[in-house]
Structure formats: C-alpha cells, structure tokens
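Asks:
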Amino acid sequence: MSLLSNHTTVDTENPSNSLPTSPTQWQRSVKGYPNPKKPHTKIPPWLINTASLIVMGLLVLLSLSIGVADFSWSGIFHSLINHSANSDSSLMLVSRLPRTIAIILTGIAMAVAGMIIQVVLKNRFVEPSMVGATQSAALGLLVVSLFFPASALIIKMGVATIAAVFGMMLFMLLIHRIPPTDFLMIPLIGIVFGGIIDAITTFIAYQTETLQMLSVWQFGDFSAVLAGRYELLWFTGVLCIIAYIIADKLTIIGLGDNIALNLGISKRHVTWIGVGMVAMMSAVVVVTVGVIPFIGLIVPNIVSRIMGDKLRRSLPAVALLGASAVLLCDIIGRSIRYPFEVPVATVFGVVGTVIFLWLLLRAPAES
3 MSLLSNHTTV DTENPSNSLP TSPTQWQRSV KGYPNPKKPH TKIPPWLINT ASLIVMGLLV
63 LLSLSIGVAD FSWSGIFHSL INHSANSDSS LMLVSRLPRT IAIILTGIAM AVAGMIIQVV
123 LKNRFVEPSM VGATQSAALG LLVVSLFFPA SALIIKMGVA TIAAVFGMML FMLLIHRIPP
183 TDFLMIPLIG IVFGGIIDAI TTFIAYQTET LQMLSVWQFG DFSAVLAGRY ELLWFTGVLC
243 IIAYIIADKL TIIGLGDNIA LNLGISKRHV TWIGVGMVAM MSAVVVVTVG VIPFIGLIVP
303 NIVSRIMGDK LRRSLPAVAL LGASAVLLCD IIGRSIRYPF EVPVATVFGV VGTVIFLWLL
363 LRAPAES
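In terms of our numbering, the sequence shown is residues 3 to 369.
1. Note down the Cα distance separating Gly222 from Ala140, rounded to an integer number of angstroms.
2. Looking at the secondary structure, which residues open and close the alpha helix (DSSP H) in which Arg315 lies?
3. For Ser4, name the three-state secondary structure that DSSP assigns.
4. Between Ser92, Arg101, Gly160 and Phe205, which lies nearest to Phe73 when the distance is taken from Cα to Cα?
5. Between the region 283-291 and the region 233-243, are three or more C-beta pairs nearer than 8 Å?
6. Do the region 263-272 and the region 149-158 meet, that is, are 3 or more Cβ pairs less than 8 Å apart?
7. Entirely within the region 142-209 and at least 4 residues each: give me those alpha helix (DSSP H) ranges in chain order.
8. Return the CA-CA distance between Tyr340 and Val349, expressed in angstroms with no decimal places.
9. Between the alpha carbons of Leu257 and Leu265, how many angstroms are there, rounded?
10. Should Ile304 and Leu322 be called a contact, given that it needs their Cβ atoms to be closer than 9 Å?
11. With 16 other CB atoms within 10 Å as the buried threshold, where does Leu61 fall?
12. For a minimum of 4 consecutive residues, which ranges assigned as the alpha helix (DSSP H) are wholly contained in the region 266-319?
13. What is the residue span of the alpha helix (DSSP H) that Ala249 lies within?
14. Keeping to the same chain, check which residues put their C-beta closer than 7 Å to that of Ile191; ignore five residues upstream and five downstream.
15. Quick check: Val346 and Asp332, are their CB atoms within less than 9 Å of each other?
16. Mark Glu211 as exposed unless 16 or more other C-beta atoms lie within 10 angstroms of its C-beta, in which case mark it buried.
17. Taking only the alpha-carbon atoms, compute the straight-line gap between Pro181 and Val227 and give it to the nearest angstrom.
18. Could you pull out every unbroken alpha helix (DSSP H) segment of at least 4 residues lying fully inside the region 34-89, listed in chain order?
19. State buried or exposed for Trp48, treating a residue as buried only when at least 16 other CB atoms are found within 10 Å of its CB.
20. Check for me: the alpha helix (DSSP H) holding Ser217 runs from which residue to which?
21. Here's the rule I'm using: 16 or more other beta-carbon atoms within 10 Å means buried, otherwise exposed. How should Ala71 be labelled?
22. Quick check on DSSP: helix, strand or coil for Val128?
23. Per DSSP, what kind of secondary structure is Glu233 in: helix, strand or coil?
24. What is the residue span of the alpha helix (DSSP H) that Arg101 lies within?
25. Output the distance between the C-alpha atoms of Gln29 and Gly310, rounded to the nearest integer angstrom.
26. Tell me, please, whether the region 108-121 touches the region 238-256 by the rule of three or more beta-carbon pairs shorter than 8 Å.
27. If you drop the 5 nearest sequence neighbours on each side, which residues of the same chain put their C-beta closer than 7 Å to that of Ala135?
28. Under 9 Å between the Cβ atoms of Phe195 and Val133?
29. Looking at the structure shown, is Ser225 part of a helix, part of a strand, or coil, going by DSSP?
30. Taking the alpha-carbon of Thr102 as reference, which of Val122, Ile254, Gln120 and Val328 has the nearest alpha-carbon?
31. Would you report the Cα separation of Ser81 and Ala87, rounded to the nearest angstrom?
32. Rounded to whole angstroms, what's the CA-CA distance from Thr355 to Ile193? Just pull it up for me.
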C-alpha cells in the first residue's frame, strides 16, 4: 500500500481521469492494448512492382509517341514486316528510343542513389543534390572542360566523379557534429552547401564566358539525347545492380553503428562503397543529361512509407517509380507548350519542391 501512496490512483470507473492519458509507443505495441490508429493494410511487394511496371510501360508507349516530328506506329510495323528502314523506323531508332531509354536509366539511377545516401546518412530528407554531389560534379566537369577541352568523355566523367566524392566528403565533415536527432538541420545545411558550390561554379563560368555551357549541365534536359550520346548511362544500371547485391549490408548500416558492428559489417567500407556509387551515378547523369533535382528525395520517401526500409525489398520499387516519375515529367514538359519543350528538371523541380516542403512540415507532427 505504501508503494502506491505517492502516486495518483487510477480510476477504473472513469477512464478519462486515469493516467497516463496518452499511451507510449511501447504500450501500443503490447498485445491487447488499444491502438488509436487504424493499422495499415500491407500491400505485397510483387503487386506494387507489377503495378509500377505496367504504369511505366504505358508511359514508355506515350513517350515514344509524343514529339514534333511526324510519326506513326503503322510505319514501324510496316518496316518490321518488310525488313526495310523508313522515316518512322529511323526516327524511332535515332531519337525516340534513345531518349526514352535515357529517361528510364536516369530516373532509376537518381532514385537508387537517393535511397543509398539516405541509408548511409540515416536521414530521409537528403538526396545527391543536397549533399553537394551533383553540384561538385558540375564544378569538376566545368574545370576539366576549361583546362582540357579536347579530353575524352570518360576522362570528364572521372574528374566529375572525383569532384563529387570530395564534395560529399566535405559535406559529411560539416554535419559530423550535428546530433542524429536533428534531422531537419542536415538537409538545410546541404541546401546552403550546394548553393555555395553553385555560386563558385557560376562565378568561374562567368569569368571564363562559359555560362551557356554550364546551363546545359545545371538543367536536366533530354531534348539533345540521340543515339550515341546516352550510352554512358548504362554504367549507372550496372551500379544499381551492385547496389541491389549489397542491399542487405546497406540496410544493416542504416540500423545503426552498434548493430553493424555486432553483425560483423564494416561500416567504413560499406559507407565508402555507397558514397562512391552515389558519386559515380551523379557524375554520369550530370555529364549526360544534366542535373535533375528531387528524384532521389521524393521517390525513396514514397516507397519507404509503403514498403518499409528493407532495401532488398524496396529497391526494385524505387527504381520503377523513379523511372516512371521522370517519364511523366518529361511527357508533361513536352506537352504543356507543344511544340516547344520545358526541361524535365524544371517540371520535376516544381513538383519536388512542393512535396519536399510537405515532408518537412509533416515530419515534426509524426515524430
């Protein structure tokens, strides 16, 4: 009796006066304890992936059909039946198909890169353009173009990758002292950090009269993609396959340093592998089509809310949704001012900004 004398008694007749008034998360997880929130019905991953694949297939057909040049599917079928080339088949092989493949590979690469960097940094509000990766890649590409303008494309990609790695290393040093619980401060620092690198890059381009060349890399656009100008993006597909192979190790790293240590996973090695893959993906996309923001932020957050944080299960859905999102934005950009085009980076930037602000404003209420 004395043990209960200093505590408020629980009124079983009137539950509204009982304490505690709000159950803890642990109490809600106990069997039999009433949960005020209605449990969500889990959707099977295969159903999500199948639906995403069907949507992407429809968007691919729509993307292949939209364009300024005259095009008809009957001409394609006629060319296939007679085994002879015509204007429709040439347009498909030279322009429409390479552009659609480049869009799909770009969407997959940036979405997977965003998922990797979020797991490595243990923060759902970051992506390659918020950790200095894409901005540093553009800076490295500008420098090598100024000093070695006749260098091969693979050399430019290598310099851009090295610059992206250094930019990400500097960002990780900046956020080293920030507590993990302050999850909103990291993306804000990333935005400021990326803005500083952009300012330096723009100043160099202004002094060297290369602003027009820089604008090609800073605004992602697929209008110049033709056969022979996008094949470098296949390298990002290889990196995505590697990311799927090491998905379990990346998931363990995201669970915390102590868990990774107890399971025998080298946090340093896996982190550097993840950072290197993100840097290479960002560099290849910047070199080929330019910077496209918010893909690596929006897509992983949407998938994680539906399928959870296990990368082995969620990476296929992230890849499919990323490809579909870029396809949809490219179709919108080609349609709203037809026959002119709005860059896909502009369309996705507008949509991504709205969704990003919604995620930032909603996060404190959920936490």
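Even glycine gets a Cβ: it sits at the ideal position worked out from N, Cα and C.
Replies: Let me spell this out:
1. 12 Å
2. Leu313 to Ser337
3. A caution first: Ser4 carries a pLDDT of 41, below 50, which makes its placement in the model too unreliable to give a value.
4. Ser92
5. yes
6. no
7. 155-176 and 187-209
8. 14 Å
9. 11 Å
10. no
11. buried
12. 269-290 and 297-309
13. Ala249 to Leu257
14. Leu176 and Ile177
15. yes
16. exposed
17. 43 Å
18. 47-67 and 75-84
19. exposed
20. Leu213 to Gln220
21. exposed
22. coil
23. helix
24. Leu99 to Leu123
25. Annotation note: pLDDT 43 at Gln29 (below 50); position unreliable, coordinate value reported separately. Rounded to the nearest angstrom, the two C-alpha atoms are 22 Å apart.
26. yes
27. Ala166, Gly169, Met170, Val280, Ala281 and Ser284
28. yes
29. coil
30. Val328
31. 6 Å
32. 12 Å
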